[in-house]
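Counting with mature numbering (1 follows the signal peptide of the UniProt record, and there is no 0), you get residues -24 to -1, 1 to 164 for the letters of the sequence shown.
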Amino acid sequence: MRMAGQYLFNWIVICILLEGKIYGAVVQEQHESMQQVTVGQRALLPCLLPLPRPSLGNIRVYWQTDKTDLVVHVFNKGQEEFGHQSSNYCNRTQLNTSQLQFGNFSLELCNVSEQDNLTTFQCIAFYDGSGRPKYQNTTTLLVLKEDVNRSHDGGAGNTTLTAVAVALLVLIVIVLVLVWGMRKRWKK
């Protein structure tokens, strides 16, 4: 039953979007970006609605993926709705509710996985009562398997490099002290 509801919800969203395309509706603003993130980290998917904005009770914001139109997160007329959220994103998304009044519907995606790689997340906002999107933002995630600043041994490579540099510096100081001492003896 829940799967049927999910598909029905997806079709409604798709029909709303297609209705805009069929009747020549133009999304007022569109933005695209790509973001690099490491597996296990958080990604902040931007969605900042332009001015003027209506009250939160008149705004509908859908976050979905482009691959399969999976519902990632929904804000509908003043409330977040989780009933149609894809199981892939349950307990992984959140809006900063203190920023919604300023039109900031940026979505935090927690625990990024390799399955999120090259996924394009779409923020689609409706708020003028026409049923046509007024704002659309797409962010594609490029998921890195590991932090490029860390070595394969969990960061120990940086420690080894530091130890070698310190040892080399100590050796140079010893050589300089010995050379200085020998010069002093030769002058006598």
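Beta carbons: idealized from backbone N, C-alpha and C, even for Gly.
- Note that the region 56 to 67 does not touch the region 103 to 118; fewer than 3 beta-carbon pairs, one per stretch, sit closer than 8 Å.
- The shortest C-alpha to C-alpha distance from proline 30 to any of His49, Gly79 and Trp39 is the one to Gly79.
- Around the C-beta of lysine 110, 16 or more other C-beta atoms lie within 10 Å, and the residue is accordingly described as buried.
- If you draw a straight line from the Cα of cysteine 86 to the Cα of arginine 68, it comes to about 5 Å.
- Here histidine 7 is exposed. Its C-beta has fewer than 16 other C-beta atoms within 10 Å.
- Excluding its 5 nearest sequence neighbours in each direction, phenylalanine 58 has no C-beta neighbour in its own chain below 6 Å.
- Comparing C-alpha distances from leucine 118 to each of Val153, Leu24 and Gln91 shows the shortest one belongs to Gln91.
- No residue range can be given for isoleucine 35, since it is assigned to no beta strand (DSSP E) and is classified by DSSP as neither H nor E.
- In the DSSP annotation of this structure, the continuous segment of the beta strand (DSSP E) that includes phenylalanine 102 starts and ends at 96 to 102.
- Per DSSP, phenylalanine 78 lies in no beta strand (DSSP E) and is assigned neither H nor E.
- For tyrosine 65, there is no enclosing beta strand (DSSP E), as DSSP marks it with neither H nor E.
- Secondary structure note for histidine 49: its beta strand (DSSP E) is the uninterrupted segment 47 to 52.
- Residue range 19 to 21 is occupied by the beta strand (DSSP E) that includes leucine 21.
- In the DSSP assignment, glutamine 112 falls within the beta strand (DSSP E) that extends over 111 to 120.
- When the beta-carbon positions are compared, cysteine 99 and leucine 83 come within less than 9 Å of each other.
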